[in-house]
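Structure record follows, encoded as structure tokens.
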Amino acid sequence: MSVTAATKPRDVQILPIGTNTTILRSRSWTRLRFEIEYALAKGTTANSYLIQADKTALIDPPGETFTAIYLEALTKRFDFTRLDYVILGHVNPNRAATLKALLEIAPQITFVCSNPGAINLRGALENQDLQILVMRGDETLDLGQGHHLQFIPTPNPRYADELCTYDPQTEILYSDKLFGAHICGDQVFDEGWEAFYEDRRYYFDCLMAPHARQVETALDKLADLPVRMYATGHGPLVRYGLIELTKAYREWTQQQTAADTTVALIYASAYGNTATLAQAIARGITKAGVSVESINCEFADPEEIKAAVEKAAGFVIGSPTLGGHAPTPVQTALGIVLSSATNNKLAGVFGSFGWSGEAVDLIESKLKDAGYRFGFDTIRVKFKPNELTLQTCEEAGTDFAQALKKAARKSIVARQPATNVEQAVGRIVGSLCVVTATQGEVKTGMLASWVTQASFNPPGLTIAVAKDRAMEPLTHTGNQFVVNILAEGRELRKQFMKTYTPGQDRFAGVATEESSNGGVILTDALAYLECTVNNRMEVGDHWLVYATVNNGKVLNQDGVTAVHHRKSASYY
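Here the sequence shown stands for residues 1 to 572, where the numbers follow the UniProt record's numbering.
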């Protein structure tokens, strides 16, 4: 039997990376969690680090998925009676199982974290009698032999306790969430770093773009450190592409902070589920070219919430339900919104719950009574989100952003007719196609006319995919899709010209069959091509996707290819 990602066991890869310094990479070859940043389904590594000097520090033990194999691997190589410190870049409930197990083996541990991290740690470990060193930014920790650790708080709304650690002896920055990527492999360092660029960009777009202002502040704090390597929380360590990735983070951050339109995304999360929904909605908004000011109202100052709402063109509020109510921070934030946001601003509501969803209903009714328009139907999710939930949230975010941009575009178009260049470029015609793709439970399709042959050997084509299309997440390198070439006639075209609600089935009422690559063939199409994405390039507001053709067939020998005629290049 061949070994595939689905059959490879989880394991721990252990290697030295610097003086007295070892990495322990807990590896999962399949998608680990249902969060938007894992959606490329390339697996992940949870990176942990061990510094063994006069004193010993363990940095960022993994979550409960890896607890057993991590501790087994560590026990074989390390005497736990010598473990002095456990340094935590962030604390979440998922990590609690590993920390509890470590405490049982080594009760002498002193935890090192930020002040918000200490609060989270006591909650996660149920107020055990813990030894904690709180690092606010000026404190250091001397492990001996030159390992005089420095600590840099880099908080953001999703991870208010985020803490980076710098070791001047090895010039390694333990960056936790910054600069990572969810991809699993044997490669520890980023040799050939260009190959990881797309994965790091996707990770940034999902996890960092909604917190662009805070990421920019973090980059400023880290700028003067003589760093040789980013020891990331996930993916290959950054050594060969360090300068380029740092520059890219600056550019991607500036793209967000320079956006003309902003949405205030306000939420609280009891068990992480509402935060996961918030992240997916934020991804949908930012991919449409609208920036997000993400605010975790459990940690935000009222003036910060007020300023963000007044500046934003729209706002979205998310809440869990606790004891039949919204948490107090959410109720406070809602009061600020109602008192400071004019009701011509677009609104949205979402939330997760265990047994009931009264908090979501309360927020929705308050906003409706105040006369706000909604950018998407209210999202209610019971327990943990799944793939379909994340797709719905991302599409809802995109719909929200498109509604804001459409209103702004209408006023511009009304004042400015198409230019000569727009009219001329609009005369370029292309065949009308429906591109379809499937990943797990997610199945989607889009009408496309920017499709052209790009190579003879191997047979290949390019497709321009707008950044805000629902199809876009399924057009990354390695993904597979089907290009269904339409014949003249309007029936199939009309089906895919509809406006779909988030998560709606695109193929209802359409004759289909499954392709050999798992995609969707429209049996009434003129022909189909089964394709694999080879690479892609960012081109303005689109991604230019190059794919090789693996299989195909003409379904209607007598049909004529449908083409799309336009009068302006400023819209489809």
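All C-beta atoms in this analysis are idealised placements derived from N, C-alpha and C, irrespective of residue type, glycine included. Quick caveat, the model's predicted, so the values are computed rather than measured.
1) What number of angstroms, rounded off, separates the C-alpha of PRO327 from the C-alpha of ASP361?
2) Assign TYR543 to buried or exposed, taking buried as 16 or more other Cβ atoms, counted over all protein chains shown, within 10 Å of its Cβ.
3) Which residue from GLU310, PRO417 and ALA508 puts its Cα closest to that of ALA569?
4) Give the DSSP-derived three-state secondary structure of HIS564 in the structure shown.
5) If we count the other Cβ atoms within 10 Å of its Cβ and call it buried at 16 or more, is LYS553 buried or exposed?
6) What's the C-alpha gap between PHE507 and ASP138?
7) Could you give the uninterrupted runs of the beta strand (DSSP E) lying entirely in the UniProt domain "Flavodoxin-like" (263 to 401), keeping only those of 3 residues or more?
8) With PHE481 as the anchor, note down where its alpha helix (DSSP H) starts and where it stops.
9) Classify ILE412: buried if its beta carbon has 16 or more other beta carbons within 10 angstroms, exposed otherwise.
10) Please state the DSSP three-state secondary structure of ASN92.
11) Given that a residue counts as buried once 16 or more other Cβ atoms are within 10 Å of its Cβ, and exposed if not, what is ASN556?
12) Could you tell me which residues DSSP pairs with LEU24 in its beta bridges?
13) Within the continuous beta strand (DSSP E) that includes ALA231, where are the two ends?
14) Skipping 5 residues on each side, what residues in its chain have a beta carbon closer than 7 Å to that of PRO62?
15) Near PHE80, what residues of its chain come up, given a Cβ to Cβ distance below 6 Å and the 5 sequence neighbours on each side ignored?
16) Need the endpoints of the beta strand (DSSP E) that GLY445 sits in, please.
17) Which residues bound the beta strand (DSSP E) around LEU71?
18) Output the boundary residues of the beta strand (DSSP E) element that contains ALA547.
19) Determine the DSSP secondary structure at GLU538, reduced to helix, strand or coil.
20) Measuring straight from C-alpha to C-alpha, what distance separates GLY235 and ASP377?
21) Would you say HIS211 reaches chain D, if we count a Cβ-Cβ gap shorter than 9 Å as a contact?
22) List the DSSP bridge partners of ALA466.
23) Among ARG250, GLU194 and ALA218, which residue has its Cα nearest to the Cα of GLY241?
24) Round the Cβ separation of PRO320 and LEU265 to the nearest angstrom and send it over; I've been treating them as touching at under 8 Å.
25) Do VAL381 and VAL435 count as a contact pair if the criterion is CB distance below 9 Å?
26) Just to confirm the assignment, what range does the beta strand (DSSP E) spanning ILE172 have?
27) What does a CB cutoff of less than 7 Å around VAL465 pick up in its chain, not counting 5 residues either side in sequence?
28) Which same chain residues, not among the five before or five after GLY371, have their C-beta less than 6 Å away from its C-beta?
29) Taking the CB atoms as reference points, tell me whether GLY43 and HIS148 lie closer together than 9 Å.
30) Measure from the alpha carbon of GLN187 to the alpha carbon of each residue in PRO385, ILE17 and THR257, then state which is nearest.
31) So, under 8 Å CB-CB, GLY445 and VAL520 are touching, yes? Tell me the CB distance rounded to an integer number of Å.
This is what the structure holds:
1) Cα to Cα, PRO327 sits roughly 14 Å from ASP361.
2) Here the sequence assigns Trp to residue 543, which means Tyr is not the residue at that position. TRP543 comes out buried.
3) Ranking the options by Cα distance to ALA569, first place goes to PRO417.
4) Here HIS564 carries a strand assignment [DSSP, helix/strand/coil].
5) With fewer than 16 other Cβ atoms within 10 Å, it is exposed.
6) So the alpha carbons of these two residues sit roughly 58 Å apart.
7) Counting only runs of 3 or more, we get 291 to 296, 314 to 318, 346 to 353 and 379 to 382.
8) Premise fails: PHE481 lies in the beta strand (DSSP E), 480 to 485, not in any alpha helix (DSSP H).
9) For ILE412, the pLDDT reaches just 49, beneath the cut-off of 50, and the residue's location in the model is therefore unreliable, although a value from the coordinates is still provided. The residue is exposed, with fewer than 16 neighbouring Cβ atoms inside 10 Å.
10) Of the three classes helix, strand and coil, the one that applies to ASN92 here is coil, per DSSP.
11) Looking at its Cβ environment, which holds fewer than 16 other Cβ atoms inside 10 Å, ASN556 is exposed.
12) Under DSSP, LEU24 takes part in a beta bridge, and its partners are ILE14 and SER48.
13) Start and end: 229 to 232.
14) Contacts found: SER26, ALA46, SER48, TYR70 and THR98.
15) Cβ neighbours of PHE80 within its own chain (closer than 6 Å, five residues either side excluded): ILE105 and ALA106.
16) Residues 442 to 448.
17) Run containing LEU71: none in the beta strand (DSSP E); it sits in the alpha helix (DSSP H), 67 to 77.
18) Here the beta strand (DSSP E) through ALA547 covers 542 to 554.
19) GLU538 falls in the strand class under three-state DSSP.
20) Each residue's alpha carbon lies about 36 Å from the other.
21) Among the chains of the structure shown, chain D does not appear; only one protein chain is present.
22) Residue pairing by DSSP puts ALA466 in a beta bridge opposite HIS542.
23) The shortest C-alpha separation from GLY241 is found at GLU194.
24) Contact doesn't hold; Cβ gap of about 15 Å is too wide.
25) With a cutoff of 9 Å on beta-carbon distance, VAL435 and VAL381 are scored as not near each other.
26) Run containing ILE172: 172 to 176, per the beta strand (DSSP E) assignment.
27) Around VAL465: MET471, GLU472, THR475, HIS542, TRP543 and VAL545.
28) Closer than 6 Å at Cβ, skipping near neighbours: ASN343.
29) No. Outside cutoff.
30) Ranking PRO385, ILE17 and THR257 by Cα distance to GLN187 puts ILE17 first.
31) With a beta-carbon spacing of about 6 Å, GLY445 and VAL520 fall inside the 8 Å limit used to define contacts.
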